[in-house]
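Peer 1: Numbers 1 to 293, taken from the working numbering, label the letters of the sequence shown in order. My questions all concern the structure below.
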Amino acid sequence: MKSGFITVIGRANAGKSTLINVLVGEKVAIVSPKPQTTRDRIVGIKNGDGYQMAFVDTPGIYKAENLLNSVMQKTTADSVEDVDVLLFLIDAHEGLSNEDKLLAKKYAALSVPTVIVLTKIDIMPESLLLSEIKELSDLSVPVVPVSARKGKNLKELIKVVENLLPEGEPLFPEDVISDRSEKFMIAEIMREKILLKFEKEIPHGVAVIVNEFKLREDGKVYDISLDIICEKQNHKAILIGKGGKAIKEVSSFAREDMEKFLGKKVFLTTYVKVESDWRNSARLIKEHGYGEE
Ligand SMILES: Nc1nc2c(ncn2[C@@H]2O[C@H](COP(=O)(O)OP(=O)(O)OP(=O)(O)O)[C@@H](O)[C@H]2O)c(=O)[nH]1
Ligand SMILES: [Mg+2]
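What follows is the structure in structure tokens.
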């Protein structure tokens with residue numbers, strides 16, 4: 001039996017969380033078109049014939065602009081240590097930047113077995129892909145092009161990873177797909193809907209705290225109450241919207257997903273609160289659950 005941890009790293013928006021969700025076959029990490037969607041290390045587990053793969057999702061590599069970003073970058077840097085296989089993802093449809101090439105070189109030189117994964121090949125011309133593969137060919141690591149969205153070449157990727165994994169016993173029970181709690185996923189689902197609905201700094205300045213998460217005695221309905229923390233008074237006004245329209249809409253999308261995730265009805269209550277500049281407060285970052293576990 002083969003088993004181990006496979007850390008997935010790459011620049012913000014490269015498609016790390018999407019790939020892990022597709023490989024695991026369930027949504028374990030939220031996804032959005034905005035960079036810096038993932039803030040935490042999240043493990044998604046795939047059990048296959050003769051292997052167990054524990055994929056570690058990480059915050060995207062990004063220039064830190066505040067203390068929260070620095071904490072996120074440290075999470076990613078720490079996740080590269082003590083792993084069995086490293087997947088370095090590059091958004092191939094954007095073209096290879098110098099930074100991509102430098103990072104690829106840096107990770108390929110590590111002692112841990114590394115695979116370069118070129119993502120989003122469904123939205124790019126093949127000629128560009130071929131030239132990128134050629135450009136990376138002098139690094140002595142496998143280069144695997146994939147599309148998570150169209151399910152292209154994923155079996156190939158799994159084979160390559162399986163070959164690099166060490167022999168070992170399963171690390172997680174077979175029915176477990178994530179190392180994160182339901183409560184964590186509930187907060188993340190809310191954050192995902194906020195990332196999808198609001199623009200610019202607003203979603204990046206939001207943290208979601210679940211205060212109540214309780215199944216009613218009838219076993220059919222969850223009562224969930226959460227705080228949406230934002231950084232500024234004017235952000236709060238935008239999040240709530242005229243007559244509460246915006247918050248109602250975003251809560252309703254979130255509730256639908258929470259019901260799918262939990263398989264039960266959800267009664268959701270949300271509060272919007274302001275904590276000025278919390279992303280630069282070490283205490284508040286910790287209080288909101290980011291950084292060291
Ligand atoms: N066309 C296409 N789009 C993709 C593919 N994979 C991911 N995306 C899109 O790329 C965007 C970013 O995807 P994520 O999975 O959130 O990327 P990430 O690397 O986890 O991003 P961070 O958590 O911010 O670092 C989303 O809009 C995805 O839908 C793919 O295979 N094809
Ligand atoms: Mg992500």
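For every residue, glycine included, the Cβ atom is placed at its ideal position computed from N, Cα and C.
Where does the unbroken beta strand (DSSP E) through V272 begin, and where does it stop?
Peer 2: Reading the sequence shown from its first residue, position 272 is the one you call residue 272. Start and end: K265 to V274.
Peer 1: In angstroms, rounded to a whole number, what distance separates the CA positions of V272 and D100?
Peer 2: For this step, residue 272 is matched to residue 272 along the sequence shown. For this step, residue 100 is matched to residue 100 along the sequence shown. Taking the straight line joining both Cα atoms gives about 38 Å.
Peer 1: Say the cut is 7 Å; is the CB of P145 nearer than that to a heavy atom of ligand 4?
Peer 2: With respect to ligand 4, the structure shown offers nothing to examine, as its ligands consist of ligand 1 and ligand 2.
Peer 1: Is the region 43 to 59 touching the region 200 to 209 in the sense that three or more CB pairs, one from each, lie closer than 8 Å?
Peer 2: Judged by Cβ distances under 8 Å, the region 200 to 209 makes no contact with the region 43 to 59, as fewer than three pairs qualify.
Peer 1: Would you call the region 170 to 177 and the region 229 to 237 touching, i.e. three or more CB-CB distances under 8 Å?
Peer 2: As far as the Cβ criterion goes, the region 170 to 177 does not touch the region 229 to 237, which means the pair count is below three.
Peer 1: Taking Cβ to Cβ, would you say R340 is nearer than 8 Å to L68?
Peer 2: Residue 340 lies beyond the range of the chain shown here (1 to 293); nothing can be said about it.
Peer 1: Measure the beta-carbon distance from F261 to M190 and round it to whole angstroms, keeping in mind my assumption that it falls under 8 Å.
Peer 2: On the sequence shown, position 261 is the one that residue 261 refers to. On the sequence shown, position 190 is the one that residue 190 refers to. So it is not a contact: roughly 11 Å between Cβ atoms.
Peer 1: Secondary structure at T38, three-state DSSP: helix, strand or coil?
Peer 2: Walking along the sequence shown from the start, residue 38 turns up at place 38. Coil, per DSSP.
Peer 1: Please report the residue range of the alpha helix (DSSP H) in which M190 lies.
Peer 2: Here residue 190 corresponds to residue number 190 of the sequence shown, with the count starting at 1. Its alpha helix (DSSP H) spans residues E182 to K197.
Peer 1: In whole angstroms, what is the alpha-carbon distance linking E259 and S140?
Peer 2: Sequence index remark: in the sequence shown, residue 259 carries index 259 (1-based). Sequence index remark: in the sequence shown, residue 140 carries index 140 (1-based). If you take the alpha carbons of E259 and S140, they lie about 46 Å apart.
Peer 1: Would you call E188 buried or exposed, if buried means 16 or more other Cβ atoms sit within 10 Å of its Cβ?
Peer 2: Residue mapping note: residue 188 aligns to position 188 of the sequence shown, counting from 1. E188 should be labelled buried.
Peer 1: If we ignore side chains and look at the alpha-carbon of each, how far apart do K152 and L19 end up?
Peer 2: Counting from 1 along the sequence shown, the entry for residue 152 is found at position 152. Counting from 1 along the sequence shown, the entry for residue 19 is found at position 19. If you take the alpha carbons of K152 and L19, they lie about 11 Å apart.
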